[in-house]
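*Asks:* Following this message is one structure expressed as structure tokens.
Numbering (the numbering used here), first residue to last: 200 to 309.
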């Protein structure tokens, strides 16, 4: 993906599809089950059925693992079914944990 702003990312993002709960939408209360497209310790790109506004805050929680964060929406772009949002983690805790392929014997942590 090209960098529109000409600024290098401080940290590499990893392609990782993880089920998450997001909540805090002021116009559509409740919790949404969504999926990440990529993640780093500082942020994530998440598919959502809701339109979010830049600078809105939300809560995100990974369904596998124990990752949780308050996050700021950095962008919201339409996609074929819903939207994709960029998140900056403001108060992260825990770790992303994804099961490794069968037979490897260890989880992947990110």
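Virtual Cβ for every residue (Gly too), placed ideally from N, Cα, C. Source: prediction; values computed, not measured.
Please report the distance separating the alpha-carbon of residue 242 from that of residue 280.
*Replies:* As a position in the chain shown, residue 242 is number 43, starting the count at 1. As a position in the chain shown, residue 280 is number 81, starting the count at 1. Cα to Cα, residue 242 sits roughly 22 Å from residue 280.
*Asks:* Give me whichever residues DSSP pairs with residue 279 in a beta bridge.
*Replies:* Counting from one through the chain shown, the residue named residue 279 turns up at place 80. In DSSP, residue 279 forms no bridge with anything.
*Asks:* How far does the beta strand (DSSP E) with residue 234 in it reach, from first residue to last?
*Replies:* By 1-based counting over the chain shown, the position of residue 234 is 35. Note, residue 234: beta strand (DSSP E), 230-238.
*Asks:* Would you list the residues sitting across from residue 258 in a DSSP beta bridge?
*Replies:* Position 59 of the chain shown, counted from the start, is the residue given in the question as residue 258. According to DSSP, which records beta bridges pairwise, residue 258 is partnered with 222 and 269.
*Asks:* Give a yes or no on contact between the segment 268-276 and the segment 246-257, applying the rule of three or more CB pairs nearer than 8 Å.
*Replies:* Taking 8 Å as the limit for Cβ pairs, the verdict is that the segment 246-257 does touch the segment 268-276.
*Asks:* What is the DSSP secondary structure of residue 308, counted as helix, strand or coil?
*Replies:* As a first step, residue 308 is located in the chain shown; it is residue number 109 there, counting from the start. Caution is warranted here: a pLDDT of 48 is assigned to residue 308, below 50, making its placement in the model unreliable, and no coordinate value can be reported.
*Asks:* Leaving aside the five residues before and after residue 227 along the sequence, list all residues of the same chain whose C-beta is less than 6 Å from its C-beta, in chain order.
*Replies:* Position 28 of the chain shown, counted from the first residue, corresponds to residue 227. So the qualifying residues of the chain are 249.
*Asks:* Straight-line CA distance for residue 201 to residue 244?
*Replies:* Sequence index remark: in the chain shown, residue 201 carries index 2 (1-based). Sequence index remark: in the chain shown, residue 244 carries index 45 (1-based). Residue placement at residue 201 cannot be trusted, given a pLDDT of 45 that sits under 50; what the coordinates show is reported in the next sentence. The straight-line gap from Cα to Cα measures roughly 15 Å.
*Asks:* Would you say residue 216 and residue 236 are within 8 Å of each other, going by their C-beta atoms?
*Replies:* Indexing the chain shown from 1 puts residue 216 at position 17. Indexing the chain shown from 1 puts residue 236 at position 37. Yes. Within cutoff.
*Asks:* Nearest-angstrom Cα distance between residue 264 and residue 287?
*Replies:* In the chain shown, counting from the first residue as 1, residue 264 sits at position 65. In the chain shown, counting from the first residue as 1, residue 287 sits at position 88. Cα-Cα distance, rounded: 19 Å.
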